[in-house]
Every structure is written in C-alpha cells, then in structure tokens.
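To keep things clear, I will list the structure first and then write my remarks on it.
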Amino acid sequence: EAGVTQFPSHSVIEKGQTVTLRCDPISGHDNLYWYRRVMGKEIKFLLHFVKESKQDESGMPNNRFLAERTGGTYSTLKVQPAELEDSGVYFCASSQFQGAVKNIQYFGAGTRLSVL
Amino acid sequence: ILNVEQSPQSLHVQEGDSTNFTCSFPSSNFYALHWYRWETAKSPEALFVMTLNGDEKKKGRISATLNTKEGYSYLYIKGSQPEDSATYLCALMDSNYQLIWGAGTKLIIKP
Numbered sequence: 001e002a003g004v005t006q007f008p009s010h011s012v013i014e015k016g017q018t019v020t021l022r023c024d025p026i027s028g029h030d031n032l033y034w035y036r037r038v039m040g041k042e043i044k045f046l047l048h049f050v051k052e053s054k055q056d057e058s059g060m061p062n063n064r065f066l067a068e069r070t071g072g073t074y075s076t077l078k079v080q081p082a083e084l085e086d087s088g089v090y091f092c093a094s095s096q097f098q099g100a101v102k103n104i105q106y107f108g109a110g111t112r113l114s115v116l
Numbered sequence: 117i118l119n120v121e122q123s124p125q126s127l128h129v130q131e132g133d134s135t136n137f138t139c140s141f142p143s144s145n146f147y148a149l150h151w152y153r154w155e156t157a158k159s160p161e162a163l164f165v166m167t168l169n170g171d172e173k174k175k176g177r178i179s180a181t182l183n184t185k186e187g188y189s190y191l192y193i194k195g196s197q198p199e200d201s202a203t204y205l206c207a208l209m210d211s212n213y214q215l216i217w218g219a220g221t222k223l224i225i226k227p
C-alpha cells in the first residue's frame, strides 16, 4: 500500500512568486492534514480536511495560503505571493479515523520550500 | 492552550548505551500523546500513541511511558544503534484532534 506522497520534495522560489504543493493521502483516508515546520522550531498545524470539506483551518497563517481538496482525494496548498517567512518544510498527513486512540496520522516526507 | 516542551534539544550517545529523553506538558487536557521518529528528508514515523496515565508502550528496543498527573512522558532507547539517529517528536492531540508538537530531541548515535 502506498504511503502519503508529496510533490515536489524541494522547491526554491523567489519572493513574490507562486508555489503549489501537492499531497496524495493514503487511499481511503478521509482525513487530510497540512502542517509546517520552520527550521529549528516545532511543527505547526495548518488545516484539516475531512473528505473535501475544511474541518479546521485555524492554523492557516494568512490569506496568501489556499488549500483545496477537490473530490476528497489529493490536496493542494498554494502560496501566493510567497514571502521569505514562508520557508520551511510543509508536511501532509492522512488518517483513516478521527477520535483519539485510533487517529494515527501517517505523514509524507514533506516539501522543503525555500523562498529567496 | 496546550504547550509541549521536549528536552534535551539534542543528545549525543555512544553506540550501545541506553538513553532517554522527556516530553513535558503543563496541562493534561488532551486526548492522546503521540511519539514520532523523524529522519530528515523522510516521513515522520509514528512510534506510540498513549492516552491513559501510567500507559507504557514498547516497540523493540524503544519504549515510552506517560504520567499525566505530573505532566511528562519519557522515551527510552535501550542499547542505542546508529540507525536510531533521528529527531524524536512528541505531540499532544487536542480536543479538535489537532496535533500540538514539541520542537523535538535530535539524537545522534556515535559509533
């Protein structure tokens, strides 16, 4: 069974440009999460989809970030226009169950975004 | 607001030695505590999920305990091997099922 895949693995862009990150969750997982880790700091929650609906987007930093999950399968996270402080590793995770005990989130390897 | 502290920030351990590190949290108002193992450029890998005070989990040479009354979880590695080198991340699952993360402990095993 394929795990969570993210594309690209690394992106280098200039300030002001647009970047779109993609996440393919594990097949059958309704829950999809986006997280971000700025270098040396803790991972921060961005948002949570249940199927195609945004369950919680309280962690999205500002309106330069737009996440979509059309059809409830893969998700994209667009940053437009990118700023220097957007640099970091963007993780995607998926889980089959909600709740506490069974809600194990499976992570992709992340997209390392560098904004110059 | 949940807060997660991990210590130490980094740790160098001689191969074969055992080690442990800490995840601490001032509030026990969470649903579950998760431990993840992360090697750079790879996917963070779930190690343990613990929910109850006194929980102990074990996976090979790695084990973890949870003490919600005193606000900490320990991760133990017995007989460290080079492949144990990674960043170990602790996260609390809050009432919205969000994971609130610590900054991690970077473990380096010296051969």
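Heads up: the sequence lines are chains P and Z, in that order. FYI, the numbering used here numbers position 16 of the first sequence as 16, with every residue one higher than the one before it. When you read off a place in the second sequence, starting at 1, and then add 116, the result is the number in the numbering used here. Note that the Cβ used here is the ideal one computed from N, Cα and C, for glycine as well. These numbers come from a predicted model, not from an experiment.
Item, Value
"Interface residues of the region 145-175 of chain Z facing chain P [CB-CB below 7 Å]", "Tyr147, Ala148, Ala157, Lys158, Ser159, Pro160, Ala162, Val165, Thr167"
"For Z:Met209 and P:Asn103, believed in contact at Cβ under 8 Å, the rounded distance", "7 Å"
"Nearest-angstrom beta carbon gap, Z:His128 and Z:Ile224 [assumed within contact, 8 Å]", "5 Å"
"Assigned secondary structure, P:Asp56 (DSSP; H/G/I helix, E/B strand, else coil)", "strand"
"Per DSSP, the bridge partner or partners of Z:Ser123", "Z:Thr138"
"Counterpart residues of P:Asp24 in DSSP-defined beta bridges", "P:Thr5"
"Proximity test, Cβ basis, 8 Å: Z:Leu191 and chain P", "no"
"Sufficient close CB pairs (3 or more, under 8 Å) joining the region 35-43 of chain P to the region 82-99 of chain P", "yes"
"Best match in Z:Asp200, Z:Thr167, Z:Asn212, Z:Ala157 for proximity to Z:Asn136 [C-alpha to C-alpha]", "Z:Asp200"
"Nonlocal neighbours in the same chain, by C-beta distance under 8 Å from Z:Trp154, ignoring five residues either side", "Pro160, Glu161, Ala202, Thr203, Tyr204, Leu205, Gly220"
"Backbone secondary structure at Z:Leu118 - three-state DSSP", "coil"
"Minimum length 3: unbroken beta strand (DSSP E) runs contained in the region 175-216 of chain Z", "178-183, 188-193, 202-209"
"Spatially closest choice to Z:Gly170 from Z:Pro227, Z:Thr156, Z:Glu186, Z:Asp133, by CA coordinates", "Z:Glu186"
"Beta-carbon proximity of Z:Lys222 to Z:Gln125, cut-off 8 Å", "yes"
"Under 8 Å between C-beta atoms of P:Val4 and P:Tyr90", "no"
"Residues of its chain near P:Arg69, where Cβ-Cβ distance is below 7 Å and the 5 sequence neighbours each way are ignored", "Leu32, Phe49, Glu52, Ser75"
"P:Leu84 - DSSP class collapsed to helix/strand/coil", "helix"
"Backbone secondary structure at Z:Thr316 - three-state DSSP", "Because residue 316 of chain Z is not part of the residues shown, which for chain Z are 117 to 227, the question remains open."
"Contacts of Z:Ala219 in chain P (Cβ-Cβ under 8 Å)", "Gly40, Lys41, Glu42"
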